[in-house]
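What follows is one structure encoded as structure tokens, with my remarks underneath.
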Amino acid sequence: MDGDRKPASFLRSPFYCKVHRTSLHKSLLNLYNTFQKILIQRIDGLSLRVLIVGGGPAGSLTAINLGKKADVKLIESKSRVGFPVKCGGLISERCYSELKKYGVDAKLNKIKGAFVFSPSGDFVELFGKTGAVVVERKIMDLQLLKMASKTTEVILGARYVDSNDRKAKVIVSGDEKFFEFDYLVGADGVESKVALTFGFQRPLIYTGLQYLVEFEPIDKNMVELYFGSKYSNGFFAYSIPICESFARVGVISINSPKLYLDNLLKKHPSVSERVGKSIMEINMGAVPLSLVNFVKDNVALIGDAAGMVKPYTGGGIYYLLRAAELLGNSFPSLIDFKKEYLKEFKREYGVGEKIRKLYRILKDEDYDFLVKLSKDIDFSEVDMDRPSTALNIIPKLLKVAGRPKIIFEMIKAFL
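Put into structure tokens, the structure is as follows:
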């Protein structure tokens with residue numbers, strides 16, 4: 001008998017059969033995955049067709065990252081992008097540095113830290129790990145779409161209606177058209193029609209209201225955050241200086257944003273003394289504050305449509321930027337895209353949602369106490385894009401806290 005051959009009794013043994021089946025299964029699986037990648041990268045010699053709905057930063061960045069890998073078409077319902085503005089335009093220096101690689105040059109102001117106000121008007125200066133940049137969204141959105149158009153067919157004034165199988169119904173200049181696709185990306189905002197078509201869950205929604213007003217900031221390179229029940233229900237109000245004499249002043253709230261913003265401008269002990277009477281611009285919109293499932297079969301959601309927003313600030317540019325890049329890296333596997341995005345951000349969303357929960361738990365007197373307490377705390381390791389870094393502050397608070405009830409509520413919120 002050949003020394004390499006196994007006896008018949010061994011070949012029939014359960015052990016050999018199990019090992020052989022496992023090995024064969026792995027080989028076939030690897031072969032199938034390889035074949036699938038080759039097959040889906042080319043269909044009859046043509047690139048995969050990707051239809052992106054939405055021409056804001058989420059759609060444009062996705063188009064840029066997919067444009068060299070697929071046949072990409074982007075449709076936008078408006079005839080021009082960047083209007084109306086539904087964003088404070090405050091992003092981290094890290095985020096702005098990344099956006100510059102995509103042709104963005106829309107910097108209005110540099111921010112080095114924040115003044116955090118308690119309801120009584122007391123405040124503390126906070127400086128985090130990185131600075132921030134105030135951008136002009138109208139310019140930024142246009143620059144990103146221009147960059148996307150280099151590798152993508154962009155159609156403005158095209159309204160997505162719904163989809164049937166792999167064909168989308170779109171209204172262009174009053175005419176009904178049908179666009180075929182292999183992959184569909186919903187980057188069409190918090191009221192996403194793509195999400196509605198395919199039965200995706202809607203994210204938690206608050207409302208944001210923002211004015212562009214004459215304003216004398218304490219320091220034009222510092223944002224100001226205002227906490228308290230008079231200025232928001234469940235969140236906070238803010239001012240973002242764009243220069244020495246103007247600022248974007250706004251509020252995010254569960255309800256009645258105009259009531260709270262008017263209170264801030266007219267009754268806040270500090271703001272009311274520094275704001276002018278003229279309102280140059282008014283912007284209002286829904287703010288998604290919870291991440292939802294963003295992948296189903298050959299459909300993916302990006303940006304506000306998926307709730308890709310920091311739950312504790314309402315800002316979402318960095319999170320959607322990374323989503324677009326990870327989708328580009330993982331394409332055509334949407335499962336891998338979802339896995340990689342959650343690997344990078346799942347913990348950040350979890351911590352961010354717990355911080356947002358605190359906004360509803362803490363009372364005005366608690367904010368007054370915490371602002372005083374924070375004057376003795378070093379926040380230099382806190383990263384505005386990574387809320388998990390704020391967990392390092394809790395041990396410092398425990399060391400100096402004089403009101404254990406507040407600290408107990410904070411710890412309970414994180415459990």
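Taking the UniProt record's numbering, the leading residue of the sequence shown gets 1, the next gets one more, and so forth. The beta carbon of each residue, even a glycine, is placed where N, CA and C say it ideally should be.
{"Check": "Is DSSP giving residue 267 helix, strand or coil here?", "Outcome": "helix"}
{"Check": "Starting from the Cα of residue 52, find the closest Cα among 89, 301, 239 and give me that residue.", "Outcome": "301"}
{"Check": "Kindly list the residues whose CB is nearer than 6 Å to the CB of residue 43, restricted to its own chain and excluding five residues on each side of it in sequence; keep chain order.", "Outcome": "For residue 43, the predicted model reports a pLDDT of 42, less than 50, meaning its position is unreliable and no value from the coordinates is stated."}
{"Check": "Considering only residues of the same chain and omitting the five flanking positions on each side of residue 349, which have a CB-CB separation below 7 Å?", "Outcome": "291, 311"}
{"Check": "Do residue 314 and residue 351 come within 8 Å of each other at the CB atom, strictly closer than that value?", "Outcome": "no"}
{"Check": "Using only CA atoms, which one of 209, 134, 245 lies nearest to residue 252?", "Outcome": "209"}
{"Check": "Near residue 173, what residues of its chain come up, given a Cβ to Cβ distance below 7 Å and the 5 sequence neighbours on each side ignored?", "Outcome": "157"}
{"Check": "With residue 242 and residue 248 assumed to form a contact (beta carbons below 8 Å), what rounded beta-carbon distance in angstroms separates them?", "Outcome": "7 Å"}
{"Check": "What first and last residue would you give for the alpha helix (DSSP H) that runs through residue 351?", "Outcome": "334 to 361"}
{"Check": "With 16 other CB atoms within 10 Å as the buried threshold, where does residue 240 fall?", "Outcome": "buried"}
{"Check": "Could you tell me which whole beta strand (DSSP E) segments of length 3 or greater appear in the stretch 38 to 113?", "Outcome": "49 to 53, 71 to 76, 90 to 92, 107 to 111"}
{"Check": "Go through its chain and collect everything with a Cβ distance to residue 225's Cβ below 8 Å, but skip five positions before and after it.", "Outcome": "114, 115, 116, 117, 236, 237, 238"}
{"Check": "Candidates 384, 391, 108, 122: which alpha carbon is nearest residue 128's?", "Outcome": "384"}
{"Check": "Grouping DSSP H, G and I as helix and E and B as strand, with all else coil, what is residue 369?", "Outcome": "helix"}
{"Check": "Below 8 Å between beta carbons: does that hold for residue 191 and residue 220?", "Outcome": "no"}
{"Check": "For the candidate residues 357, 50, 347, whose alpha-carbon lies nearest to that of residue 151?", "Outcome": "50"}
{"Check": "Taking only runs of the alpha helix (DSSP H) that begin and end inside the stretch 215 to 303, which ones reach a length of at least 4 residues, in chain order?", "Outcome": "257 to 267"}
{"Check": "Taking the alpha-carbon positions, what's the residue 110 to residue 338 distance?", "Outcome": "33 Å"}
{"Check": "Grab me the residues of residue 67's own chain with a C-beta within less than 8 Å of its C-beta, minus the 5 sequence neighbours each way, in chain order.", "Outcome": "148, 150, 151, 152"}
{"Check": "Can we say the stretch 269 to 279 touches the stretch 176 to 193, given the rule of at least three CB pairs closer than 8 Å?", "Outcome": "no"}
{"Check": "Answer yes or no: do residue 379 and residue 394 have a C-beta to C-beta separation smaller than 8 Å?", "Outcome": "no"}
{"Check": "Quick one: residues in its chain with C-beta nearer than 7 Å to the C-beta of residue 104, no 5 flanking neighbours on either side, listed in chain order?", "Outcome": "140, 143, 144"}
{"Check": "For residue 229, collect the residues of the same chain with a Cβ closer than 8 Å to its Cβ; drop the 5 residues on either side in sequence, then sort them by chain order.", "Outcome": "119, 363, 364"}
{"Check": "Suppose you measure from the CA of residue 354 to the CA of residue 390; what does that come to, to the nearest Å?", "Outcome": "11 Å"}
{"Check": "Indicate whether residue 59 and residue 74 have their beta-carbon atoms separated by less than 8 Å.", "Outcome": "yes"}
{"Check": "Starting from the C-beta of residue 79, find all residues in its chain whose C-beta is less than 7 Å away, skip the five residues before and the five after it, and write them out in chain order.", "Outcome": "156, 157"}
{"Check": "In the DSSP assignment, find the unbroken alpha helix (DSSP H) run with residue 139 in it and report its ends.", "Outcome": "137 to 148"}
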